[in-house]
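So the protein sequences, as listed, match chains S and D.
The numbering used here puts the first residue of the first sequence at 1, with every later residue one more than the last.
The numbering used here puts the first residue of the second sequence at 1001, with every later residue one more than the last.
Just so you know, even glycine gets a beta-carbon here, dropped at the ideal spot from N, CA and C.
None of the values given here were measured: they were computed from a predicted structure.
Heads up: the structure comes next, in structure tokens.
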Amino acid sequence: MLKFLLVALRMTAVTVVLLGFLYPLLIMGIAHLAFPAQSSGSFVRVGGRIVGSRIIGERWTQARYFHGRPSAAGSAGYDPLSTGASNLGPDSKKLIARVVARIATLRKENPRESGMPPIGLLTASGSGIDPDISPSDARYQAERIAAARAIPLRRVLAVITAHTKPRTFGFLGEPRANVLALNLALDRVNGASTR
Amino acid sequence: MTLTGWLQAVVIFAVLIACTKPLGSYMFAVFTGRRTWLTPLIAPLERALYRITGVRADDEMNWRQYALAMLGFSFVGFAYLFALLLVQGSLPLNPQHFPSLSPGLAWNTAISFLTNTNWQFYAGESTMSYLSQMAGLAWHNFVSAGVGIAIAVAVVRGFAAKGAGSLGNFWVDLTRACLYVLLPISMVAALVLTAQGVPQNLNAYRTVTTIAGGKQTIVGGPIASQEAIKELGTNGGGYVNANSASPNENPTPLTNALEIFLILLIASGLTYTYGKMVGDTRQGWAIFAAMFALFWLGFAAIYHAEASGNPLVHQLAVRGGNMEGKETRFGVAGSSLFIEATTGTSTGAVNASIDSFMPIGGLVALLNLQLGEIAPGGVGSGLYAMLEFVVLTVFIAGLMVGRTPELLGKKIERREVQLAILAILVTPIFVLIPTALAALLPAGSSTLGNAGPHGFSEILYAFSSTNANNGSAFAGLGGDRFYYIATGISMFFGRFFVAIPMLALAGSLAEKRPVAAGAGTFSTASPTFVLLLLGTILIVGALTFLPADALGPIADHYLLYAGRTF
Chain S
1 MLKFLLVALR MTAVTVVLLG FLYPLLIMGI AHLAFPAQSS GSFVRVGGRI
51 VGSRIIGERW TQARYFHGRP SAAGSAGYDP LSTGASNLGP DSKKLIARVV
101 ARIATLRKEN PRESGMPPIG LLTASGSGID PDISPSDARY QAERIAAARA
151 IPLRRVLAVI TAHTKPRTFG FLGEPRANVL ALNLALDRVN GASTR
Chain D
1001 MTLTGWLQAV VIFAVLIACT KPLGSYMFAV FTGRRTWLTP LIAPLERALY
1051 RITGVRADDE MNWRQYALAM LGFSFVGFAY LFALLLVQGS LPLNPQHFPS
1101 LSPGLAWNTA ISFLTNTNWQ FYAGESTMSY LSQMAGLAWH NFVSAGVGIA
1151 IAVAVVRGFA AKGAGSLGNF WVDLTRACLY VLLPISMVAA LVLTAQGVPQ
1201 NLNAYRTVTT IAGGKQTIVG GPIASQEAIK ELGTNGGGYV NANSASPNEN
1251 PTPLTNALEI FLILLIASGL TYTYGKMVGD TRQGWAIFAA MFALFWLGFA
1301 AIYHAEASGN PLVHQLAVRG GNMEGKETRF GVAGSSLFIE ATTGTSTGAV
1351 NASIDSFMPI GGLVALLNLQ LGEIAPGGVG SGLYAMLEFV VLTVFIAGLM
1401 VGRTPELLGK KIERREVQLA ILAILVTPIF VLIPTALAAL LPAGSSTLGN
1451 AGPHGFSEIL YAFSSTNANN GSAFAGLGGD RFYYIATGIS MFFGRFFVAI
1501 PMLALAGSLA EKRPVAAGAG TFSTASPTFV LLLLGTILIV GALTFLPADA
1551 LGPIADHYLL YAGRTF
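Here it is, written out as structure tokens:
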């Protein structure tokens, strides 16, 4: 047994060096050269200043921007240091109450939209930092944004169309639009200065 | 359910089948000491490693020595991680200055990663230093998977041996599993992941001002390298709390498909390795067929439940599938497939909240764990868990026709059946008794995230998951001292009290000389056998767990459709 423990100790030391340090550092080196933007966090820059990450969702509240999905990450939502889902069961009173409240808020915020809000805007995501919304989640907000920015609806719809990504290879995942990309495109249509 | 949703699953599966034979043959070559195309590259490294560690590669071990070496290595690995977590606060590579972990949490986490469970009572992004993640947790992801493969290979050697009592050399199997199998595939996968947007750096977290004027903190770390081995080694411990639901770990539909593929890859390949090692590849395909029959049944049930959606939400005139706890880019189909893969193996990574799944979706995940994770199972552990059912099935078939049961020409006698039953009994003992205790004790029910039968499901799932070394959770359940200790014990027994009886069984079979098959021999490669095997698995699982499941997800389902909320 003592012999096994000695071998185990040495095996642990060697494999920690190899698999715990050399492997991740090698990947880091290659990634740094081949995929510098992705490996450092997919930062999005506006005028040279980092304003967010392409892959991480953030909280949007102003009427003139697209809003992301409800989030259970942290108390205010979209806390990247406290990611996670609501973990409420499908028959949870809390969950149903939240959906009812979200319907009421969304209808108040989007008075020109006559239909019911789509499911994506009524349910919290798995990560709490979902960067995307579905095309129907985006279209539901289009009238509000057009009114808030005093631009024609078709220009908002054009932004949605331009930034909707189809399923990868036509069958992987779901169609989606990145909320930050949508909002940056809106600001390019009519400037951020009208804040 | 949609056609594209099914197409996604079918294409991933087709790629998996296409890789099963090449990978299986490759692993056969690796573990029987034959030359592979990577040998010129890796052999010098392997020899250097043996020289430093003092391993004599041609030393053969009997099952006791093999088990002792495995236990010794596991003990050292446990002590190393436990110590690392206790002092991470004063070690380098900790740009966020996270403090050291409490002894209770460090103990639970060390057992969790040692046993390939990766149950997590912490949020990685606000608890673990970069050093702990890469040199502690990710290292365990490699070696705990390597240990699983080594045990499986040793067990198969016992089945295939022709009267020699030896099962191979643990250190050689472990080294080869890590160097020849896990490391090269992880490197390729990590690079694809980072190309798709998974971070791989050692930078401190960055706080930025958003265009709406808010503040946002962007997490960094060596995530891609850990994500690759986390899925490939069916470990499942998330770098961040949201696990593979987080875009930091799983940013695109392509990474989602890759991660599902990695989760299933080695377990599938090992069925072919098994066939080659016992000299009849049909034996391997029979096991493959049984595993994936269960897999597809499970996927169909989860996908149907989730796509049907929540009737209580539909009552509010809202349409659509159940999207609570799911990410937009994966949708219902991509989440259902991932959860079937992660619970059919011992992975436990999640790309959606299982707690928020429909009761039937949650039930299937739970049953996958309770059946012992054999669809297709964890790296190594899936194969040896399936082989315990194979022994039991052969025994039952023998009883039915009144013949001494045989497996691969070897008589299955009292000792083998006893050991297989012992391994099978560990699951109910260390799931049902702790669940009952937790439901009775105030300490067990004070941290539930949901009320009613769904709350009971959280407890039952916790012990099913830890015992099966899965690590996924009905994550509403909070952690405290009671659960640190109870789940720690459950994980320990779930790993070692299945592995050791299986090694003993292999040791016993290794000493038997095979006899030639006669006209009355029941073929273990026939469709009849596959059906019998499936029947045995389902009957054993159902008899053991249905009463408990009826109090949890099954009651939940009927009450939900009757309009009850909790």
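Review point. According to DSSP, is L1623/D helix, strand or coil?
Key: Past the edges of chain D, shown from 1001 to 1566, lies residue 1623/D, and the structure says nothing about it.
Point to revise | Rounded separation between F1566/D and I1539/D - CA only | key: 32 Å
Check your understanding: Which bits of chain D does I30/S rub up against, with CB to CB less than 8 Å?
Key -> L1191
Practice item. Kindly indicate which three-state DSSP category S1480/D falls into: helix, strand or coil? Key: Just to set this straight, residue 1480/D is Asp in the shown sequence, not Ser. Three-state result, D1480/D: coil.
**Study point:** Buried/exposed call for E1406/D, threshold 16 Cβ in 10 Å
**Key:** buried
Point to revise | Alpha carbon of L6/S to alpha carbon of D1058/D, nearest angstrom | key: 18 Å
Review point. Under the three-state reduction of DSSP, which class applies to A177/S: helix, strand or coil?
Key: strand
Practice item. Using a Cβ cut-off of 8 Å, pull out every chain S residue sitting near W1139/D, in sequence order please. Key: T15, V16, L19 and G20
Practice item. Please list, in chain order, all residues of the same chain as V1379/D whose beta carbon is under 7 Å from its beta carbon, the five residues on each side excluded. Key: Non-local beta-carbon contacts of V1379/D in its own chain, meaning distances under 7 Å to residues more than five positions away in sequence, involve A1145, G1148, I1149, G1233, T1234, I1266 and A1267 in chain order.
Practice item. Using a Cβ cut-off of 8 Å (strictly closer), state whether K108/S contacts chain D. Key: By this cut-off, K108/S is not an interface position.
Point to revise | Beta bridge counterpart(s) of G52/S as assigned by DSSP | key: V44/S
Review point. If you scan the segment 52-140 of chain S from start to end, which runs of the beta strand (DSSP E) of 3 or more residues do you find wholly inside it?
Key: none
Practice item. Could you check if T61/S is buried or exposed, using at least 16 other CB atoms within 10 Å of its CB as the buried criterion? Key: exposed
Review point. How many angstroms separate the CA atom of V1364/D from the CA atom of A1177/D?
Key: 31 Å
Check your understanding: Which one of A1029/D, L1543/D, Y1050/D and G1494/D has the shortest CA to CA distance from V1426/D?
Key -> G1494/D
Review point. Between the beta-carbon of A1524/D and the beta-carbon of V1390/D, is there less than 8 Å?
Key: Ala is not the amino acid found at residue 1524/D; the sequence shown has Thr there. Yes, the Cβ-Cβ distance between T1524/D and V1390/D is below 8 Å.
Review point. Using the C-alpha atoms, what's the distance from E174/S back to N1098/D?
Key: The identity of residue 1098/D in the sequence shown is Phe, whereas the question assumes Asn. Distance between the alpha carbons of F1098/D and E174/S is about 37 Å.
**Study point:** Run of the alpha helix (DSSP H) containing R167/S, from where it starts to where it stops
**Key:** Taken as a continuous stretch (DSSP letters only), R167/S belongs to no alpha helix (DSSP H), as it is neither H nor E.
Review point. According to DSSP, what are the bridge partners of I1218/D?
Key: R1206/D
Exercise for review: Report yes or no: is there a C-beta of chain D within less than 8 Å of the C-beta of F66/S?
Suggested key: no
Point to revise | Nearest-angstrom Cα separation, counted from L1093/D out to G1298/D | key: 42 Å
**Study point:** Euclidean distance between Cα positions of A1154/D and L1503/D
**Key:** A1154/D and L1503/D: Cα-Cα distance of roughly 7 Å.
Practice item. Tell me, please, whether the segment 1479-1490 of chain D touches the segment 1243-1260 of chain D by the rule of three or more beta-carbon pairs shorter than 8 Å. Key: No: fewer than three Cβ pairs fall under 8 Å.
Exercise for review: Have a look at G1344/D and S75/S and give me their C-alpha separation to the nearest angstrom.
Suggested key: 34 Å
Review point. Looking at H1304/D and M1001/D, is the spacing between their C-beta atoms short of 8 Å?
Key: Yes, they are a contact pair.
Review point. Is it right to say S1112/D is buried, meaning 16 or more other beta carbons lie within 10 angstroms of its own, or is it exposed?
Key: Looking at its Cβ environment, which holds 16 or more other Cβ atoms inside 10 Å, S1112/D is buried.
Review point. Can you tell which of A1385/D, L1437/D and Q1120/D has the C-alpha that lies nearest to the C-alpha of I1537/D?
Key: A1385/D
Practice item. Check whether the Cβ of C1019/D lies closer than 8 Å to any Cβ atom in chain S. Key: no
Practice item. Within its chain, find whatever has a CB closer than 6 Å to the CB of G1325/D; leave out the 5 residues flanking it on each side and keep chain order. Key: A1352, S1353 and S1356
Exercise for review: In angstroms with no decimal places, state the Cα-to-Cα distance between P24/S and F1078/D.
Suggested key: 21 Å
Practice item. Under 7 Å Cβ to Cβ from H1140/D, same chain only, skipping five residues before and after it: list those, please. Key: G1077, L1081, F1113 and L1114
Exercise for review: Count the other CB atoms, across all protein chains shown, that sit within 10 Å of the CB of E1060/D; report buried if there are 16 or more and exposed otherwise.
Suggested key: exposed
Review point. Alpha helix (DSSP H) containing N1467/D: first to last residue?
Key: G1452 to N1467
Point to revise | Nearest-angstrom beta carbon gap, P1311/D and G1409/D [assumed within contact, 8 Å] | key: The Cβ separation is near 55 Å, so there is no contact.
Review point. Does at least one heavy atom of the ligand ADP sit under 7 Å from the Cβ of T1209/D?
Key: By its list of ligands, the structure shown contains no ligand whatsoever, and the ligand ADP lies outside what it can speak to.
Review point. So with Cβ pairs under 8 Å, would you call N87/S a contact of chain D?
Key: yes
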